[in-house]
Each structure stands twice: as structure tokens, then as C-alpha cells.
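Numbering (the numbering used here), first residue to last: 570 to 755.
To keep things clear, I will list the structure first and then write my remarks on it.
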């Protein structure tokens, strides 16, 4: 049922996709619950989408946890969004780790934010590496910040290149800063 729903979705037959996602979701398939919720969300049926996200999240689906958190965050419920980002992050969802770190940083919970940026960075999230550098710079840990910026810059992250250049310039390394500004400029 789930695969058939995907087939219809991939061929833009959303009515048939919804039907088969509903069948699979009713049978307890959490990925179908999440996909049904995504489809409903896209078509503006937010209350029903939230209900299906919650069912799938309660069933352990980490993508549904992430999607529910994102929906709640967009609706202004930061506290419950944090809870669901945390659940998804604990289940290994890298984007949830990053979003949770950003939310924590926005609330000046820097130790927790640093830990989640670090975890997302360890999982290969290049934006998390850059943001970890920004947080470390904010905390005065300039050597560690420089390492983060360089790591992300070496992987081609333009903002990290610019952040590295700015840090180098502030430390008097003008030539190296110019090189990184040029690379960031493309």
C-alpha cells in the first residue's frame, strides 16, 4: 500500500496517493502516516496533518517527530517544538539536531546548543559546523571557532569562508583573510 501510494504520488495522482497512504496508515504503517501528513500539510489540511504527524511520532517515526516539531515551531509553539526536535534528535535525525541547537542558542542555552551543534557536525552537517564556529566565537573560544570555520570552509561552505576571513582579519592575518574573502566571493 505504501509503495503504491508513492507510485501515485510520483505520478502526481495525489487523490490516489492520499487514498493508499490512508490505507497503509490505518494499518499502522508510520512512514505512511508521516507521508500522509506531509501531503495533507501541502494541501492546507493542517489540523489533520498534525494529527497524523502525532500518531507517526508516537509510533517512533523520527521524520514525523521532526515534521511535527517544524510545524509547531512555525505555528509559534516553541516549547513543544523543542520537545519534538529533542525526541527526533535523540532518534538520530540530523536536521532535528541542528534545529534544536538553533532554538537553544536563540534562548541563550549555549552549552546545550553547543552540544547539539557538535553532534550534528559529527554527523556531517556542514551548516552545524559553521554555526558551532559562530557560537564558539561568541563565547570567546577563538581557536576552536577558527578550526570549525576552516573545516566548513574547506568543504566549500561560503559563509564559513567569510566567517573565517572575518576572524582572521580581526586577528591581524590580513593576507589570509583576503584569500578567504575572495574564495567566499566565488
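Glycine included, each C-beta is placed from N, C-alpha and C at the ideal position.
Option nearest residue i by Cα separation, candidates the options
| i | options | result |
| --- | --- | --- |
| residue 720 | 707, 734, 709 and 708 | 734 |
| residue 623 | 604, 746 and 611 | 604 |
| residue 583 | 593, 612 and 594 | 612 |
| residue 629 | 716, 638, 656 and 751 | 656 |
| residue 773 | 653, 597, 637 and 681 | Residue numbering for the chain in the displayed model covers 570 to 755; residue 773 lies beyond these limits and cannot be assessed. |
| residue 627 | 596, 653, 644 and 722 | 653 |
| residue 739 | 625, 595, 578 and 709 | 709 |
| residue 625 | 619, 633 and 618 | 633 |
For residue j and residue i, believed in contact at Cβ under 8 Å, the rounded distance
| i | j | result |
| --- | --- | --- |
| residue 580 | residue 631 | Residue 580 to residue 631, Cβ: 27 Å. No contact. |
| residue 651 | residue 672 | 6 Å |
| residue 737 | residue 746 | 4 Å |
C-beta contact flag for residue i and residue j at 8 Å
| i | j | result |
| --- | --- | --- |
| residue 697 | residue 706 | no |
| residue 665 | residue 635 | yes |
| residue 589 | residue 574 | yes |
| residue 704 | residue 686 | yes |
| residue 668 | residue 702 | no |
| residue 699 | residue 718 | yes |
| residue 695 | residue 726 | yes |
| residue 601 | residue 614 | no |
| residue 660 | residue 689 | no |
heavy atom of the ligand COA below 7 Å from residue i C-beta
| i | result |
| --- | --- |
| residue 651 | No copy of the ligand COA occurs in the structure displayed, which carries no ligand at all. |
Buried versus exposed, by CB contacts within 10 Å (16 or more), residue i
| i | result |
| --- | --- |
| residue 599 | buried |
| residue 724 | exposed |
| residue 572 | exposed |
| residue 640 | buried |
| residue 648 | exposed |
| residue 682 | buried |
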